[in-house]
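Worksheet: the structure to be examined is printed underneath.
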Amino acid sequence: MSGARLLLVAIFFLAANKALLAADPEKLPLWNMNAPIGNGSFEKAEAWITVHKAAKPNGSAVVICPGGGYGGLVTGAEGHGIATWLNSHGITGVVLEYRLPKGRPFVPLLDAQRAIRTVRANAKTLGVDPAKIGISGFSAGGHLASTAGTHFDDGNPKASDPVEKQGCRPDFMILVYPVITMHTKTHGGSRTNLLGKNPTEDLLKLFSNEMQVTAKTPPAFLAHAKDDKAVVPENSKAFYDALLAQKVPATYLELASGGHGLNGYKGPMWDAWQRQSLEWLVKLNFIPANAAGN
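Position one of the sequence shown corresponds to residue 111 (my numbering), numbered consecutively onward.
And the structure:
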């Protein structure tokens, strides 16, 4: 085959497969360096979202909250890696790089709420159904995701900022080995980083998300290994029980092993929560049945 013909074949191949290639991820600021800290004050700081669009989007999106004990962010395996996996199933992945609290408990929550509002405000551009925007989190990121799922509002219709007009309730939650409580079964480092060394009982209760569940809390899928010593599985169990008590649809996958991080984000336990969370999303009609396949 001549060189010219090979070139034409290559051009045809690229054109034919262009539709299968997702756009490059886009990193966007949430606050334009004027970020609230929760007491009417602001700081010159930024939180970011990175939008990973699926090549064949099905209309659902997930805001992803990486773990890190509220002292750092595991944005690889618990962030962009999750977005890539979601993209392979037609789901838009939005990685949230939230501000670290340093004892300012409302800072990460404000960032998570803003991320949800931003996706919802730009749903048409992103090819997302505004009623199919979920949130996912791992470890301390699971605490943040469950906080967003229990502390939300309908937006401010009088706001001049179109983003702030949007509600920040996630439509579903996927929580993997999450910190949930701030009481005795908590992860000590996460609690100190979030609430400070001597939090009040009111603050402990407010951020113990098993105590904040109502009938309006969105459905949740939880996965936790029985042998997790860093964040004990009683966290997930308490949240699951609270959801059932309020008749909120919920599934709790108790994994046989894997510890915290599920054997380094790989293997049968990791595969199990991914597969079953997709099946759960199909059951609740957040993604089509064919999206749960390999």
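Even glycine gets a Cβ: it sits at the ideal position worked out from N, Cα and C. Model, not experiment: these values are computed from the prediction.
Spatial distance of residue i from residue j (CA atoms)
i    : j    : result
A222 : A366 : 31 Å
F152 : F248 : 27 Å
L285 : E344 : 13 Å
F262 : M379 : 32 Å
N149 : K268 : 20 Å
P288 : V341 : 7 Å
I245 : G213 : 23 Å
T302 : Y208 : 17 Å
K295 : S387 : 25 Å
G169 : E156 : 28 Å
E188 : N266 : 31 Å
K166 : N308 : 49 Å
I243 : K393 : 16 Å
A401 : Q276 : 28 Å
A250 : S318 : 12 Å
K154 : D134 : 28 Å
E364 : T291 : 18 Å
W390 : Y350 : 15 Å
L372 : S270 : 44 Å
N395 : D281 : 11 Å
D239 : A164 : 14 Å
L196 : A399 : 14 Å
Y375 : A355 : 31 Å
L220 : T194 : 25 Å
A382 : A171 : 21 Å
L183 : G177 : 6 Å
K315 : L210 : 20 Å
I192 : L313 : 31 Å
R385 : V217 : 32 Å
N144 : Q322 : 29 Å
L140 : A325 : 30 Å
I147 : A233 : 26 Å
Residue i beta carbon near the ligand ATP (any heavy atom closer than 7 Å)
i    : result
C175 : As for the ligand ATP, it is missing from this structure, which has no ligand bound.
Residue i vs residue j beta-carbon contact at 8 Å
i    : j    : result
H190 : V205 : yes
E311 : A348 : no
I159 : T228 : yes
H297 : G179 : yes
I397 : H162 : no
T202 : L236 : yes
G299 : A335 : no
A241 : C175 : no
Residues bridged to residue i (per DSSP)
i    : result
L365 : A335
T160 : K137 and V205
I290 : According to DSSP, which records beta bridges pairwise, I290 is partnered with nothing at all.
V153 : It is worth fixing the name first, because residue 153 is Glu in this sequence and not Val. Note: E153 sits in a beta bridge opposite A145.
V172 : G203 and G244
L285 : G247 and L332
A360 : A330
Nearest-angstrom Cβ-Cβ length linking residue i and residue j, presumed shorter than 8 Å
i    : j    : result
V173 : A225 : 5 Å
L305 : T327 : No, L305 and T327 are not in contact; Cβ-Cβ is about 21 Å, not under 8 Å.
- Query: With a cut-off of 8 Å, do at least 3 Cβ pairs link the region 349-360 to the region 329-338?
  - Reply: yes
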